[in-house]
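The sequence shown: position 86 = 86 (UniProt numbering), numbered continuously.
Everything below concerns the one structure shown next.
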Amino acid sequence: MDIYFFVYLIFFVAPVGTVIHELGHVLGAKLLGADKITLSVGTGSVMYHTTRKQIDISVHVLFFLGGVASSERSVPYRPFDKVQIAACGPLSSFTAAGLCYGLYIVYPSIYLLLPLLFNLWLALVNTIPFRLKGKQSDGYTICTLIGMLNRKHGNDDKG
Numbered sequence: 001m002d003i004y005f006f007v008y009l010i011f012f013v014a015p016v017g018t019v020i021h022e023l024g025h026v027l028g029a030k031l032l033g034a035d036k037i038t039l040s041v042g043t044g045s046v047m048y049h050t051t052r053k054q055i056d057i058s059v060h061v062l063f064f065l066g067g068v069a070s071s072e073r074s075v076p077y078r079p080f081d082k083v084q085i086a087a088c089g090p091l092s093s094f095t096a097a098g099l100c101y102g103l104y105i106v107y108p109s110i111y112l113l114l115p116l117l118f119n120l121w122l123a124l125v126n127t128i129p130f131r132l133k134g135k136q137s138d139g140y141t142i143c144t145l146i147g148m149l150n151r152k153h154g155n156d157d158k159g
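Given below as structure tokens:
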């Protein structure tokens with residue numbers, strides 16, 4: 001891989017794709033009436049911080065190493081609300097991949113193919129249920145919450 005493509009992938013595609021994914025969670029939380037939302041991009045020391053419309057945004061020095069969004073509201077979220085918020089991240093990544101695909105068909109370029117593939121990868125990986133080092137994927141969150149919903153409503157399969 002050419003060094004320019006690598007730099008483009010690490011310093012542009014990955015952070016932008018991560019922000020798009022996390023903004024999906026932010027949008028879902030906003031639509032469900034969140035009182036406070038926190039969006040954090042990257043890791044390490046904070047290099048930029050702002051608050052806009054009850055959204056607390058932090059960008060860290062290693063901005064290309066992931067992100068996280070969290071939210072709160074005065075009336076606690078119901079399990080299905082949490083499922084919707086968790087699903088909005090992968091949905092926004094799939095949407096970004098679809099937009100990149102549409103553009104790639106018209107303007108074939110590695111500069112569109114990389115974000116297409118990254119957003120598709122991000123969406124797919126986040127739909128797989130797994131836990132790793134104290135963190136969990138959106139798929140894990142959704143499966144856990146659906147299990148809670150099934151138990152709450154007596155929908156467990158008895159065989």
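Heads up, the beta-carbon is just placed ideally off N, CA and C, and yes, glycines get one too.
Look up residue i in the DSSP assignment and give the residues it is bridged to.
| i | result |
| --- | --- |
| L39 | I57 and A69 |
| H49 | S58 |
Where does residue i sit, in a helix, a strand or coil, going by DSSP?
| i | result |
| --- | --- |
| G139 | helix |
| G44 | strand |
What residue does the alpha helix (DSSP H) around residue i start on, and which one ends it?
| i | result |
| --- | --- |
| K133 | No alpha helix (DSSP H) contains K133, which DSSP labels as neither H nor E. |
| V13 | Where V13 is concerned, there is no enclosing alpha helix (DSSP H), given that its DSSP letter is neither H nor E. |
| A123 | I110 to T127 |
| S93 | P79 to V106 |
Quick check: what's the CA-CA separation for residue i versus residue j?
| i | j | result |
| --- | --- | --- |
| L91 | L99 | 12 Å |
| I55 | V41 | 13 Å |
| F118 | R151 | 36 Å |
| L145 | Y4 | 42 Å |
| K82 | I10 | 30 Å |
| K133 | L103 | 37 Å |
| residue 160 | G67 | Nothing can be reported for residue 160, as the shown portion of the chain is limited to 1 through 159. |
| L120 | Y101 | 10 Å |
| L122 | I142 | 16 Å |
| G17 | S93 | 7 Å |
| I20 | T95 | 9 Å |
| V61 | E22 | 18 Å |
| G33 | I85 | 11 Å |
Meets three-Cβ-pair contact criterion under 8 Å: the region 43 to 51 and the region 75 to 88: no
Assess, as a yes-or-no matter, whether the region 27 to 47 is touched by the region 59 to 77 under the definition of 3 or more beta carbon pairs within less than 8 Å. yes
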